[in-house]
Structure formats: C-alpha cells, structure tokens
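Following: one structure in structure tokens, then a few remarks.
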C-alpha cells in the first residue's frame, strides 16, 4: 500500500484555528505584574470542561517517541471537554488533527493535518476535535489541562476512538 | 532592623498541604495510555475556579529574579479561585506562603514559610491562601492555570494584597 505522504506544516494560530488554540507568547495580551518582575501573557487559552458536571484537572503526560515513519492508524476525541498540552521542555513535537465528516461520526481522514509545534508552543484541542494521541520526537513531558467527570461517570463518556482500516497516513521526519 | 532569617524548606506534599497542592510525578496515580507510549500522571491538582461565575484559563508568566537577599514586603491571595504554577524549564524556584490570621484579614507574617521547589515541581495555591508573587532564581517561564471572572467583574474581586509595614523577612540564597 502506498501511503499518502502527510505534509508537516508549522503550527500557527491561524492554521490551527479550526481545531483549537495555540498556547504561545507571540501575539499575547501582555501585562507587567509583580512590581515589574513578571510578564503575564494573559489568557492564552480557555479550559472548556464544565459540561455535564466536568471540572478542570492538571496532569503530566510523559511521552516517548514512536517508530519513524510514524503510522497514523487512529484518532480520538473528547466530546465533553477541551484538552490542553503544554511542553515542559524545549523540544519540537507534532500535532495531528482532522476535521470531522459531514455526519459528525468519524474523522475526515483524507483531510488529516500535521503541525510541527515548537517546544515553547502548546495547544488546546477544542471539545470534539479529532486528534492523534501525543506525538513526541524525543522523550518529553507535558502539563495537561483537561476534564474530570463527576463521580460515577464512565471514562468512555469523554473519549471516542476511531481506528482506520489500516494505516491512514505516515509521517516521515 | 534585624530581619528574621527565613528558613528554606524542601517542597513536599505533606509540608505544603495547608496551602495547596504540589504538582509532581512522585506518588502520582500512574496510567499507561496511547498504546504504551505515554505515561499519564493523573489528576495531580484540581483547578478550583468556578465560584461566582469564574472559568479556568491558561496563561504564561515569564519571571525574572529579584535582588538577593529577597525582601518579603507583601503577600497576596485570590479569594475566588486557585492559582497553579508549573515551571516550563528545569530550574529550582521559591514558594513563599503564610497562614491567615485568626480573623482572616491578613497573613500571619510571623508564620511565613519558604519552600524550595525543583524545576519539575509546580504548586497550586488553594483559594484564599496568602502567597508571595512568583520568585525565580533565574529567568524562568511558567504555565499558569487560574480564574477568569465573568464579563464586567472588577479584577480586584479576586486579588487581595497585604503590604507589611516594612520588610517582614529576607531570603538569603
């Protein structure tokens, strides 16, 4: 099978807007605080997790690289909340997303996008946005802000996985 | 005036418990996800910002060091929400907090505490906890999760500053 090559685009607010928010200093609302010792890059992203009794939590994800070329065989989404990823070390990493198909049942995998994020850029996937699980190029940790459901909620309420029939695309570095 | 020396303690969950939460991998609920490529250190901290219509936001703070010895002349608190700080680079930093006095009007500045945090440790100040603004030992950026008020809310609704009459303590490094 000849896999379609997946182009790697630089991550930017404009290109990523259909999928969520880029967490970065560039273009931020800047406020000097703490007697001038701290620069606040204000409100770079919302954390949108309140529906159906959700509350925001912080976690750390420690990612390890997959074999290259990276085979894209599935995407996932969180229908009830956003999920934010911010790198804790300054290494480039990858963000793979897709729009949803017309009946909102599956990712439009012929419209996959792959973004190269800098180590000082995070992203927030908007609720319901199809995205690939964490893709790092070297072992790298992230701070995650996402949704905890109310007591008793099944974890599957906020996670949908879609597995392709085979490999949808491959990323060569 | 002879300033009381402020002892620097290592940051730990137990020592910091009266003031909030330490965001760290040690002791976490660990889950392997993403086909075994990612370790999730789950729910290290809540983000408690919902009262009076608040919503969670992510910001970046870029901190610069203050002159040494560091003069502690004020503390602040956020009555309506927690505030989480996670370092984005692996440098030690300082956390200064105090309990509140018996009528909840001011920090008990004779009970100041100073913790040395590692670069892989963040903290969440619980709502209403008196803390010093960001103290770094080298230029260092942090991801911040805190509260945005509803439209029209005055910023002072969620910020109280208490200025000491002089210098309450000094931190020598």
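Residue numbers (the working numbering), protein chains in the order written: chain A, 1 to 173; chain B, 1001 to 1173.
Glycine residues also receive a C-beta, built at the ideal position from the N, C-alpha and C atoms.
Exercise. Please determine, among 1069/B, 1040/B and 1056/B, the residue with the shortest C-alpha to C-alpha distance to residue 1005/B.
Key: On the second chain, residue 1005/B is found 5 positions in, with the first residue counted as 1. Answer by Cα proximity: 1069/B.
Exercise. Sort 170/A, 127/A and 150/A by Cα distance to residue 104/A and report the nearest one.
Key: Sequence index remark: in the first chain, residue 104/A carries index 104 (1-based). When only C-alpha atoms are compared, the closest one is 127/A.
Quiz item: So does the stretch 1133-1152 of chain B actually touch the stretch 1048-1065 of chain B, counting three or more Cβ pairs closer than 8 Å?
Solution: In the pairwise beta carbon analysis, the stretch 1133-1152 of chain B is classified as touching the stretch 1048-1065 of chain B: at least three pairs are separated by under 8 Å.
Exercise. State the CB to CB distance for the pair residue 1081/B and residue 1158/B, rounded to an integer number of angstroms; the pair is presumed to be in contact (CB under 8 Å).
Key: Here residue 1081/B corresponds to residue number 81 of the second chain, with the count starting at 1. Here residue 1158/B corresponds to residue number 158 of the second chain, with the count starting at 1. So it is a contact: roughly 6 Å between Cβ atoms.
Quiz prompt | One or two residues paired with residue 1131/B in a DSSP bridge | solution = Here residue 1131/B refers to the residue found at position 131 of the second chain. Residue 1131/B pairs with 1076/B and 1097/B.
Quiz prompt | Any C-beta of chain B under 8 Å from that of residue 86/A | solution = Your numbering for residue 86/A matches position 86 in the first chain. Yes, contact with chain B.
Self-check item: Exposed unless 16 or more other CB atoms sit within 10 angstroms - verdict on residue 1077/B
Solution: Position 77 of the second chain, counted from the first residue, corresponds to residue 1077/B. It counts as buried.
Self-check item: Exposure of residue 1010/B, with buried meaning 16 or more beta-carbon neighbours within 10 Å
Solution: Translated into the one-based positions of the second chain, residue 1010/B becomes position 10. By the neighbour-count rule (16 or more Cβ atoms within 10 Å), residue 1010/B is not buried but exposed.
Self-check item: Rounded straight-line distance, which links the Cα of residue 107/A to that of residue 1029/B
Solution: Against the second chain, residue 1029/B aligns to sequence position 29. Against the first chain, residue 107/A aligns to sequence position 107. Cα to Cα, residue 1029/B sits roughly 31 Å from residue 107/A.
Exercise. State yes or no: is the beta carbon of residue 1063/B nearer than 8 Å to at least one beta carbon in chain A?
Key: Position 63 of the second chain, counted from the start, is the residue given in the question as residue 1063/B. Cβ-Cβ to chain A under 8 Å: yes for residue 1063/B.
Self-check item: Pairwise C-alpha distance: residue 1094/B and residue 111/A
Solution: Reading the first chain from its first residue, position 111 is the one you call residue 111/A. Reading the second chain from its first residue, position 94 is the one you call residue 1094/B. For residue 111/A and residue 1094/B, the distance between alpha carbons rounds to 46 Å.
Quiz item: Residues bridged to residue 1051/B by DSSP?
Solution: Here residue 1051/B corresponds to residue number 51 of the second chain, with the count starting at 1. None; residue 1051/B has no bridge partner.
Quiz item: What is the C-beta distance between residue 23/A and residue 123/A, in whole angstroms, given that I count them as a contact (C-beta under 8 Å)?
Solution: As a first step, residue 23/A is located in the first chain; it is residue number 23 there, counting from the start. As a first step, residue 123/A is located in the first chain; it is residue number 123 there, counting from the start. Correct: roughly 6 Å between the Cβ atoms.
Practice problem: Quick one: list the residues of chain A neighbouring residue 1023/B, beta-carbon separation under 7 Å, in chain order. | Solution: Numbered from its first residue, the second chain carries residue 1023/B at position 23. Correct list: 58.
Quiz prompt | 8 Å Cβ cutoff met for residue 1058/B and residue 59/A | solution = Within the second chain, numbered from 1, the residue matching residue 1058/B stands at position 58. Within the first chain, numbered from 1, the residue matching residue 59/A stands at position 59. Contact: no.
Quiz item: If you run the structure through DSSP and keep just helix, strand and coil, what is residue 105/A?
Solution: Sequence index remark: in the first chain, residue 105/A carries index 105 (1-based). Residue state, collapsed to three classes: coil.
Quiz item: Would you say residue 1109/B and residue 1164/B are within 8 Å of each other, going by their C-beta atoms?
Solution: If you number the second chain from 1, residue 1109/B lands on position 109. If you number the second chain from 1, residue 1164/B lands on position 164. Yes, Cβ-Cβ distance for residue 1109/B and residue 1164/B is below 8 Å.
Exercise. Could you run through the stretch 36-51 of chain A and flag, in chain order, every residue whose CB is less than 9 Å away from some CB of chain B?
Key: 36, 37, 38, 39, 40, 41, 42, 43, 44, 45, 46, 47, 48, 49 and 50
Self-check item: Own chain partners of residue 1079/B with C-beta closer than 7 Å, once the 5 adjacent residues on each side are dropped
Solution: For the purposes of this step, residue 1079/B is identified with residue 79 of the second chain, where counting begins at 1. Cβ neighbours of residue 1079/B beyond the five flanking positions: 1127, 1128, 1158 and 1160.
Quiz item: What are the start and end residues of the alpha helix (DSSP H) that includes residue 16/A?
Solution: As a first step, residue 16/A must be located in the first chain, where it is residue number 16. Start and end: 13-16.
Quiz item: Residues of chain B with CB under 9 Å from residue 147/A, in chain order?
Solution: As a position in the first chain, residue 147/A is number 147, starting the count at 1. Taking the beta carbon of residue 147/A as reference, no residue of chain B falls within 9 Å; the closest one sits roughly 10 Å away.
Quiz item: Could you give the residue range of the beta strand (DSSP E) that holds residue 87/A?
Solution: Within the first chain, residue 87/A is the residue found at index 87, counting from 1. Taken as a continuous stretch (DSSP letters only), the beta strand (DSSP E) holding residue 87/A covers 83-87.
Quiz item: At a Cβ threshold of 8 Å, is residue 133/A touching chain B?
Solution: Stepping through the first chain from its first residue, residue 133/A is reached at position 133. Judged by the 8 Å Cβ criterion, residue 133/A is in contact with chain B.
Quiz prompt | Listed by chain order, chain A residues near residue 1034/B by CB distance under 7 Å | solution = Position 34 of the second chain holds residue 1034/B. Correct list: 133 and 134.
Practice problem: Just mark residue 154/A as buried or exposed, buried being the case when its beta carbon has 16 or more other beta carbons within 10 Å. | Solution: By one-based count along the first chain, residue 154/A stands at place 154. Of the residues assessed, residue 154/A falls on the exposed side of the cut-off, its CB having fewer than 16 other CB atoms within 10 angstroms.
Quiz prompt | Local conformation of residue 1169/B per DSSP, three classes | solution = Reading the second chain from its first residue, position 169 is the one you call residue 1169/B. If DSSP states are grouped into helix, strand and coil, residue 1169/B belongs with the strands.
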